[in-house]
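J.: What follows is a structure written as structure tokens; I'll ask about it next.
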């Protein structure tokens, strides 16, 4: 009996060893890199470089890989192999020169779970559905004022509401994040829903809270681990589960708005994007090119993420840099006073006459580096990029931070310097390496709106107020972990001018 138990125990050990070796070999064969593939760190079987990611801030980890291995390098997070593209010239080659080959999104665990299996929304969809939805969104938003004088008027009206809310603080220190988020989000609300929300609206505040937490959770170690090992992580407790509960809550809020629109829809007089989409949806088959009610909610979600989170956080970074550099704040205000004064509302027609202010806005975007790693792309075919072989289906992570801080493109990349956007005569100049909105066929559809908002909001704020922090407080230029670089919470004084 003892011998039998020994043999049985021995057989189980051999079986376990065989299974283990088989898994290791299968993992190696499946994930081995082809010849001339971009270099990267050694990765462990099954988990890849996940442990290295856990030990470091994800954004810092990927940037460090670029420093070590160059502008094209590779990494493996769980079962997910990817190539990291850094530097202006290399990134431009990928998304502009080879735009057609790198236009599609790869599938992601989060995207598959939230975006109809990775087929829905404006950001995650591909092929004809993506092309049709993007064209429809752009044309519809233009019809409702995007890029027009009416949009300027809406922004200036919201600036007035924001100024009134700041005045209510009566010079006491306050956290500007909530007010900025309300103001910026109301602009996209008017385009998507045809209305603005009062800053005290509870449901609106809850949605904004969840919208801000989603990118922080997705960019955290927990969010990255979920992408790397979704089969395991979806059964484990942890902060990553809030990603999906938050998405559900936001989508429910948007679905309620859609139902409300359907009840009082006037087909001859659409009021906003939701109305226009519902009318278009009635002219298509139920699943034709994404014109479904579920996809309308996802598209609206994407527009909010693109149109509010990035812009209001850029305005927060504006305060950080202008408070840390009071001479810059004074010089901007002097230029505004000389061109517009402190009573007339600004307009986009003023921008050519405010070159220093325009340069400061651009430098805030560059240094703020709001989206350091823009949405993934996927190789549609085998190709060569930067002398390396990129197999079909390979996901590319685009390192926009490396472009905005590229030492070959910027005179003082690590220093706040409005001179990056000024010539010797003090006139504003465009820079090709200024790509905070990405480039190519997937360039942010809200770029024009964001540029308009940033200029008008900043001028409107500095017309009326001078910003500072309590004595002894030093604002940090380090960011909160997330897919969007947000400043750490801070309070400011807004002194009426």
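Numbering (my numbering), first residue to last: 250 to 746. C-beta atoms are modelled at their ideal positions from N, C-alpha and C, and glycine is treated no differently.
Hey, out of 507, 319 and 292, whose CA is closest to residue 648's CA?
T.: The count along the chain shown starts at 1 and reaches residue 648 at position 399. Nearest of 507, 319 and 292 to residue 648, Cα basis: 319.
J.: Between which two residues does the beta strand (DSSP E) harbouring residue 330 extend?
T.: Mapped onto the chain shown, residue 330 falls at position 81. Note, residue 330: beta strand (DSSP E), 329-334.
J.: In its own chain, which residues sit with a C-beta less than 8 Å from the C-beta of residue 708, not counting the 5 before and 5 after it?
T.: In the chain shown, residue 708 corresponds to position 459, counting from 1. 585, 589, 595, 599, 603 and 606.
J.: Cβ atoms of residue 365 and residue 543: under 8 Å apart, would you say?
T.: Within the chain shown, residue 543 is the residue found at index 294, counting from 1. Within the chain shown, residue 365 is the residue found at index 116, counting from 1. When the beta-carbon positions are compared, residue 543 and residue 365 come within less than 8 Å of each other.
J.: Report yes if the C-beta distance between residue 311 and residue 622 is below 8 Å; otherwise report no.
T.: Against the chain shown, residue 311 aligns to sequence position 62. Against the chain shown, residue 622 aligns to sequence position 373. Yes, the Cβ-Cβ distance between residue 311 and residue 622 is below 8 Å.
J.: Among the residues of its own chain, which have a CB less than 8 Å from the CB of residue 729, if the five just before and after it don't count?
T.: Residue 729 sits at position 480 when you count from the first residue of the chain shown. Only 465, 735, 736 and 737 meet the Cβ criterion.
J.: Taking only the alpha-carbon atoms, compute the straight-line gap between residue 256 and residue 467 and give it to the nearest angstrom.
T.: Numbered from 1 along the chain shown, position 7 holds the residue referred to as residue 256. Numbered from 1 along the chain shown, position 218 holds the residue referred to as residue 467. Residue placement at residue 256 is poorly supported in this model, since its pLDDT is 46, which falls under 50; the coordinates are not used for a value here.
J.: Where are the alpha helix (DSSP H) runs, 4 residues long or more, that stay fully inside the segment 619-690, in chain order?
T.: Taking only runs of at least 4 residues, the alpha helix (DSSP H) segments lying wholly in the segment 619-690 are 649-653.
J.: For residue 608, which residues of its own chain have a beta-carbon under 8 Å away from its beta-carbon, when the five flanking residues on both sides are left out?
T.: Here residue 608 refers to the residue found at position 359 when the chain shown is read from its first residue. Closer than 8 Å at the Cβ level, and outside the excluded window around residue 608, lie 667, 668, 669, 670, 671 and 677.
J.: In terms of DSSP beta bridges, what is residue 745 paired with?
T.: To locate residue 745, count along the chain shown from 1; it is residue 496. Residue 745 is bridged to 714.
J.: What is the DSSP secondary structure of residue 256, reduced to helix, strand or coil?
T.: Here the question's residue 256 lines up with position 7 in the chain shown. Because the pLDDT at residue 256 is just 46, under 50, the model does not fix this residue reliably, and the value given afterwards should be weighed accordingly. In the structure shown, residue 256 sits in a helix (DSSP, three-state: H, G or I).
J.: Rounded to a whole number of angstroms, what is the C-alpha to C-alpha distance between residue 330 and residue 395?
T.: Indexing the chain shown from 1 puts residue 330 at position 81. Indexing the chain shown from 1 puts residue 395 at position 146. Each residue's CA atom was taken as its position, placing residue 330 and residue 395 some 39 Å apart.
J.: Buried or exposed for residue 283, going by 16 or more other Cβ atoms inside 10 Å?
T.: In the chain shown, counting from the first residue as 1, residue 283 sits at position 34. When all chains shown are included, residue 283 counts as exposed.
J.: Quick one: grab the DSSP three-state call for residue 699.
T.: As a working note, residue 699 is residue 450 in the chain shown. It is helical.
J.: Which partner residues does residue 735 have in the DSSP bridge list?
T.: Mapped onto the chain shown, residue 735 falls at position 486. Checking the DSSP bridge columns, you'll see residue 735 partnered with 729.
J.: Between which two residues does the beta strand (DSSP E) containing residue 321 stretch?
T.: In the chain shown, residue 321 corresponds to position 72, counting from 1. It spans 321-326 - the beta strand (DSSP E) in which residue 321 sits, taken as one unbroken run.
J.: So, does the segment 371-387 touch the segment 501-510, judging by three or more C-beta pairs under 8 Å?
T.: Because the criterion of three Cβ pairs below 8 Å is not met, the segment 371-387 and the segment 501-510 do not touch.
J.: Give a yes or no on contact between the segment 701-718 and the segment 404-420, applying the rule of three or more CB pairs nearer than 8 Å.
T.: yes
J.: So which of 683, 601, 663 and 522 has the shortest CA-CA distance to residue 382?
T.: For the purposes of this step, residue 382 is identified with residue 133 of the chain shown, where counting begins at 1. Comparing Cα-Cα distances from residue 382 to each of 683, 601, 663 and 522, the minimum goes to 522.
J.: With DSSP collapsed to three states, give me the class of residue 429.
T.: For this step, residue 429 is matched to residue 180 along the chain shown. It is helical.
J.: Could you check the C-alpha separation between residue 533 and residue 378 for me, to the nearest Å?
T.: The sequence position of residue 533 within the chain shown is 284, counting from 1. The sequence position of residue 378 within the chain shown is 129, counting from 1. Cα atoms of residue 533 and residue 378: separation of roughly 13 Å, rounded to the nearest angstrom.
J.: Nearest to residue 477 by alpha carbon, out of 498, 517, 357 and 438?
T.: Position 228 of the chain shown, counting from 1, holds the residue named residue 477. Checked all of 498, 517, 357 and 438; the closest Cα to residue 477 is 357.
J.: Residue 620: which of 641, 566 and 548 sits nearest, CA to CA?
T.: Indexing the chain shown from 1 puts residue 620 at position 371. It is 566.
J.: Tell me which residues share the same chain as residue 338 and place their Cβ nearer than 6 Å to its Cβ, disregarding the 5 neighbours each side in the sequence.
T.: As a working mapping, residue 338 is identified with position 89 in the chain shown. Contacts found: none.
J.: How is residue 450 classed by DSSP in three states: helix, strand or coil?
T.: Along the chain shown, one-based indexing puts residue 450 at 201. Residue 450 falls in the coil class under three-state DSSP.
J.: Among all the DSSP beta bridges, which residues are the ones paired with residue 353?
T.: Sequence index remark: in the chain shown, residue 353 carries index 104 (1-based). Answer is 627, bridged to residue 353.
J.: Spatial neighbours of residue 469 within its chain, please: C-beta separation below 6 Å, excluding the five flanking residues on both sides.
T.: Taking the chain shown and counting its residues from 1, the one referred to as residue 469 is at position 220. Same-chain partners within the cutoff: 730.
J.: Work out the CA separation of residue 705 and residue 740 for me, nearest whole Å.
T.: Residue mapping note: residue 740 aligns to position 491 of the chain shown, counting from 1. Residue mapping note: residue 705 aligns to position 456 of the chain shown, counting from 1. About 22 Å.
J.: Taking the Cβ atom as the reference point for each residue, do residue 742 and residue 422 lie within a distance shorter than 8 Å?
T.: Position 493 of the chain shown, counted from the start, is the residue given in the question as residue 742. Position 173 of the chain shown, counted from the start, is the residue given in the question as residue 422. Cβ distance < 8 Å, so residue 742 and residue 422 count as in contact.
J.: Looking at the unbroken alpha helix (DSSP H) that takes in residue 469, where does it start and where does it end?
T.: In the chain shown, residue 469 corresponds to position 220, counting from 1. If you look at residue 469, you'll find it isn't in any alpha helix (DSSP H); DSSP assigns it neither H nor E.
J.: Can you give me the C-alpha to C-alpha distance between residue 336 and residue 479, rounded to a whole angstrom?
T.: The count along the chain shown starts at 1 and reaches residue 336 at position 87. The count along the chain shown starts at 1 and reaches residue 479 at position 230. If I take the Cα positions, the gap works out to 31 Å.
J.: Kindly indicate which three-state DSSP category residue 502 falls into: helix, strand or coil?
T.: Your numbering for residue 502 matches position 253 in the chain shown. In the structure shown, residue 502 sits in a helix (DSSP, three-state: H, G or I).
J.: Could you name the residues that DSSP lists as bridge partners for residue 311?
T.: The residue given as residue 311 occupies position 62 in the chain shown. DSSP, once it has assigned bridges, lists no residue as partnering residue 311.
J.: Restricting to Cα atoms, I'd like to know which of 634, 673 and 618 is closest to residue 308.
T.: Here residue 308 corresponds to residue number 59 of the chain shown, with the count starting at 1. Among 634, 673 and 618, the Cα nearest to that of residue 308 belongs to 618.
J.: Go ahead and pull the three-state DSSP assignment for residue 393.
T.: In the chain shown, residue 393 corresponds to position 144, counting from 1. DSSP places residue 393 in coil when its eight states are reduced to three.
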